[in-house]
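Structure first, then comments.
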Amino acid sequence: MKSPRSSVGGHGSGNDVRVVPMGLFDDYDSGGFFDEVFEADGTVRPHYRSLVKRFAELTPEELARRVRLRDESFRTQGITFTVYGEDEGVERTFPMDLFPRVIPSDEWSTIRAGLAQRVTALNSFLEDLYVGERAVLRDGLVPNWLITSSTGFRREAFGVPVPGNARCLVSGSDLVRDSDGTYRVLEDNLRNPSGISYVLENRASMTRVFPGAFGDLSVCSVSHYGSMLLDALRHVAPPAAGDDPTVVVLTPGVYNSAYFEHVFLARQMGVELVEGRDLVVDEHVVSMRTTRGLQRVDVIYRRIDDDFLDPVVFNPQSSLGVPGLMAAARAGNVTVANAVGNGVADDKAVYAYVPELIRYYLGEEPILPNVDTYLLWDTDQRAAVLERLDEVVVKPVAESGGYGICIGPAASDEELEIVRKRIVADPRNYIAQEIVGLSRHPTLSNDRFVGRHIDLRPFVLTGEQVEVVPGGLTRVALREGSLVVNSSQGGGSKDTWVLSAGDEDDDEVEG
Amino acid sequence: MLARHAESLFWTGRYIERAESTARMLDVTYHGLLEASQHEAEPAWRELLSVLRLDREFVARGGGASAASVGSFLVLDEENGGSIISAVERARDNVRSVRELVPTELWEALNTFYLDLRSRNLRRDLEQQPYDLYQMVKQRCQLIAGVANETMPREDGWRFLQVGWMLERAEMSCRLLEVRYASHETSIDFHHWQSTLRSASALQAYRKTHRSSQDPSDVVGFLLLSRTFPRSVLFSLRRAEVELSRLRGADAPMTRPERLLGRLRADLEYTDVRDISISGLHGFLDRLQHSVRQVAEAVALQYFRNSQELALTALDFRPPG
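Protein chains in written order, with the working numbering: chain F, 52 to 562; chain U, 10 to 330.
As structure tokens, then:
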């Protein structure tokens with residue numbers, strides 16, 4: 052080791068921060084995009100200085116050693132995901148990039164306040180819609196037909212209570228940064244957002260691989276997620292459950308691609324991981340079958356989609372669900388989280404109304420802006436978009452995971468023509484958005500750093516209060532130039548370090 | 010614990026023991042027949058199938074019973090639920106569904122065993138080196154037993170695994186005796202009994218107890234009633250009984266499976282092997298297996314399917330077919 056690790060080097064006022072870092076950053080090119088680490092003139096942003104210095108000093112051998120450490124750590128933790136259609140028994144490790152993404156505390160305060168505001172409004176909206184007076188429709192804020200035509204809308208959820216305005220108990224909105232570095236909400240995930248297990252496991256790996264780097268910065272811990280989630284779930288228990296409600300995680304089973312996460316969450320909370328066949332409903336009371344007989348269940352954190360939850364009211368072919376569950380929930384004997392029918396609020400055509408919903412329910416201005424969105428059912432907006440299909444992104448309103456997206460500039464004339472036809476045939480089913488440049492972040496690729504586009508999925512819990520987990524899943528588009536970060540589309544991830552206020556690297560050096 | 014998890018562990022134990030015992034029975038039959046003529050061999054293989062209660066399935070496939078046809082039926086036939094490959098696959102599926110409850114090493118031992126079986130050319134192994142193949146199956150099952158023993162906490166999960174394992178072993182040890190008895194009814198030569206003992210890994214232990222006794226009832230007595238040999242029927246039932254009693258709270262009343270098993274175990278303990286004539290052995294073993302199955306059914310009723318749930322599933326809304 053040549054450099055003394057104990058020094059606070061790298062960001063003392065005496066250092067010339069404009070020196071282009073060496074080694075792994077040779078030839079690094081931010082490509083005209085907003086870069087998370089480097090300013091436009093190549094200066095390292097203050098909150099990244101210590102990390103850049105550490106990486107610049109790494110020898111190839113040392114780097115290889117850390118890569119090995121990471122892979123080993125992921126294998127021993129058993130963090131794998133199954134790829135559908137591959138040989139059974141084959142499980143892959145999830146690719147985590149070694150360079151963490153850092154979010155300074157002032158930026159985080161904005162994100163936190165913005166997400167809490169957004170989720171509160173969305174919860175109020177869903178509450179109004181399903182158990183309230185539907186004031187939002189009466190007042191004409193959102194057209195009635197738009198709600199009832201949403202594929203996520205569930206008439207069966209009318210009158211099904213969730214205590215504490217917490218229909219979105221866990222939500223995960225995707226944030227992107229545009230070319231100015233402004234954080235914008237790209238979409239909301241209010242049904243079954245997944246990925247929190249990677250947030251926790253990435254952090255566990257980083258503390259093994261780069262323990263020293265944490266010492267340079269004051270990084271907020273994410274390890275208490277399990278107890279945060281359990282607290283929130285216990286908070287929404289039906290009043291009759293008393294002081295010690297029984298919480299379970301409901302999974303579709305081992306063949307689900309997110310099963311690892313279901314196991315992980317049940318373990319973190321110390322509750323049972325059940326399948327539909329473990330639960331029975333009798334007299335509108337849900338119980339699980341144990342070796343000591345039936346045990347009453349009060350809160351179900353379900354990771355099964357609405358359609359498969361209860362064959363009595365939804366898909367009658369489903370054997371994953373629990374017959375009678377909706378009736379028990381309606382009777383107020385069990386709370387289902389996230390609530391049934393939340394999909395109506397993350398419908399991308401309804402997403403466009405969220406800023407209005409925030410104003411309507413909270414009387415506040417939205418803190419985090421949306422991405423500019425065009426509603427294609429609207430004749431004028433549709434006409435304008437069809438004129439410039441090659442400049443915008445077109446998305447189906449109900450898909451997640453990056454499926455069905457058409458990125459105008461990258462699409463061929465034939466593809467654009469297909470999209471045009473689809474829009475004309477079913478305009479309600481599509482939206483168009485302006486293309487967001489998506490900020491980039493240095494990402495390790497064959498022994499050097501290259502710029503790759505990233506986004507951020509923070510997780511928001513609604514319990515006694517609305518809380519944002521200080522961190523999140525930073526997803527990376529591993530292919531050069533790609534704007535699609537979804538894991539199902541070949542994405543990777545980064546550990547996300549939120550710096551706590553007061554402690555961070557704030558010795559301003561103007562570049 | 011969840012009833013489904015308990016049931017999965019119970020069946021994991023059963024299937025691993027089934028794979029191991031099936032390998033042992035194939036081994037003893039195969040080697041016992043090496044010097045036999047064709048017309049002796051065919052009935053012996055048929056008898057093995059009937060002892061395993063798989064004779065009807067085999068007949069449905071057509072073709073004669075030979076070392077090759079019965080061997081492949083019992084080792085690698087995936088259509089046959091009683092084959093070794095099926096048993097290992099089912100054990101693996103069961104552990105997979107409770108992966109969060111079992112030590113990683115246990116899952117890995119079983120998964121590797123399964124993947125190894127899948128990647129081998131089992132048909133060629135059967136033709137060229139059946140001994141090695143059966144040896145490998147036995148050793149891998151013993152490895153899994155050892156890993157479970159060294160890594161699982163002595164909690165309910167362990168107990169259900171053991172109860173399933175030991176009830177299956179009790180039944181299969183009866184069958185091992187049946188194979189020998191049936192295939193050499195007319196000429197019970199002591200070297201055949203020796204190979205039975207060897208296939209149960211019991212020859213050394215037998216010699217220590219009975220020296221050079223060549224009395225078949227000593228062999229039967231040893232495999233049925235030994236209090237010290239881990240594969241004897243009595244020993245297996247006693248282990249199952251201990252684990253069953255630990256599943257129940259100390260103050261709770263005795264459960265039905267415990268009562269059935271306790272009675273069965275006591276009956277065996279008070280049995281004098283001289284009272285079982287070799288000609289009456291078949292009926293004795295049959296009754297014994299029947300009683301073991303009743304215990305297993307009582308375990309299922311007690312722990313895996315409680316009465317309230319039974320009442321609910323009895324309401325079948327779907328038309329048949």
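C-beta atoms are modelled at their ideal positions from N, C-alpha and C, and glycine is treated no differently.
In this structure, the straight-line span from the alpha carbon of F:Arg206 to that of F:Gly392 is close to 8 Å. Fully contained in the region 207-285 of chain U are the following alpha helix (DSSP H) runs of length 4 or more, in chain order: 212-219, 225-234, 242-256 and 265-278. Neighbourhood of U:Arg13 in chain F, by CB distance below 9 Å: Val325, Glu326, Arg328, Asp329 and Arg340, in chain order. At a cut-off of 8 Å between beta carbons, F:Val391 makes no contact with chain U. Residues of chain U whose Cβ lies closer than 8 Å to the Cβ of F:Ala317 are, in chain order, Glu109.
F:Phe89 has F:Val95 as its beta-bridge partners, per DSSP. Neighbours of U:Asp165 across chain F, judged by C-beta separation under 9 Å: Thr342.
In the DSSP annotation of this structure, the continuous segment of the beta strand (DSSP E) that includes F:Glu238 starts and ends at Tyr234 to Glu238. Counting only runs of 3+ residues, the beta strand (DSSP E) found wholly inside the region 473-534 of chain F occupies 481-485, 491-496, 499-508, 511-513, 517-519 and 524-528, in chain order.
Take F:Ile198, set aside five residues on each side of it, and the residues of its chain with a beta-carbon closer than 8 Å to its own are Leu180, Leu188, Phe204, Val395 and Val401, in chain order. When the five nearest sequence neighbours on each side are left out, the beta carbons in the same chain lying within less than 7 Å of the beta carbon of F:Met257 are those of Pro151 and Asp546, in order along the chain.
Under a criterion of Cβ atoms nearer than 9 Å, no residue of chain F is adjacent to U:Tyr143; the nearest Cβ is some 24 Å distant. By the neighbour-count criterion, in which a residue is buried when 16 or more other Cβ atoms sit within 10 angstroms of its Cβ, F:Lys446 is buried. From the beta-carbon of F:Val373, no residue of chain U is found nearer than 8 Å; the closest lies around 12 Å away. Residue state for F:Val549 is assigned as strand, using DSSP reduced to three classes. Between F:Val401 and chain U, the shortest Cβ-Cβ separation is not below 8 Å.
Taking 8 Å as the cut-off, the beta carbon of F:Ala483 is found closer than this to the beta carbon of F:Val436. DSSP places F:Phe209 in the coil class of the three-state scheme, outside both helix and strand. Identification of chain F residues near U:Tyr312 by a Cβ-Cβ cut-off of 7 Å yields Thr342, ordered along the chain.
Under the Cβ distance rule, U:Ser106 counts among the residues neighbouring chain F, one pair being separated by less than 8 Å.
Contact between F:Pro212 and F:Gly375 is absent: CB atoms are separated by about 17 Å, not below the 8 Å threshold. When C-beta distances to chain U are compared with 9 Å, every residue of the region 350-372 of chain F stays at or above that value. At a cut-off of 8 Å between beta-carbon atoms, U:Met161 makes no contact with chain F. Closer than 7 Å at the C-beta level to chain U, one finds these residues of the region 285-314 of chain F: Val305 and Val314.
Excluding sequence positions up to five before and after U:Leu152, its CB lies within less than 7 Å of the CB of Ala118, all in the same chain and listed in chain order. Buried is the label assigned to U:Ala100, since at least 16 other Cβ atoms lie within 10 Å of its Cβ. U:Thr38 and U:Val188 do touch by the CB rule: their CB atoms are close to 6 Å apart, below 8 Å. Only residues of its own chain outside the window of five on either side were considered, and among them none has a CB closer than 8 Å to the CB of F:Thr430. Below 8 Å, too few C-beta pairs join the region 34-54 of chain U and the region 105-115 of chain U to call them touching: fewer than three. Where U:Leu126 is concerned, the enclosing alpha helix (DSSP H) starts and stops at Thr113 to Ser128. Straight across, the Cα-Cα distance linking U:Ala305 with F:Gly277 is about 39 Å.
Taking 8 Å as the CB threshold, U:Met10 lines the interface with chain F. F:Ser248 is not a Cβ neighbour of F:Val511, given a cutoff of 8 Å. For F:Tyr306, same chain residues with a beta-carbon under 7 Å away, outside a window of 5 residues either side, do not exist. Counting the other Cβ atoms within 10 Å of the Cβ of U:Ser245 gives 16 or more, which makes it buried. The straight-line gap separating the alpha-carbon atoms of U:Leu115 and U:Asp125 is approximately 15 Å.
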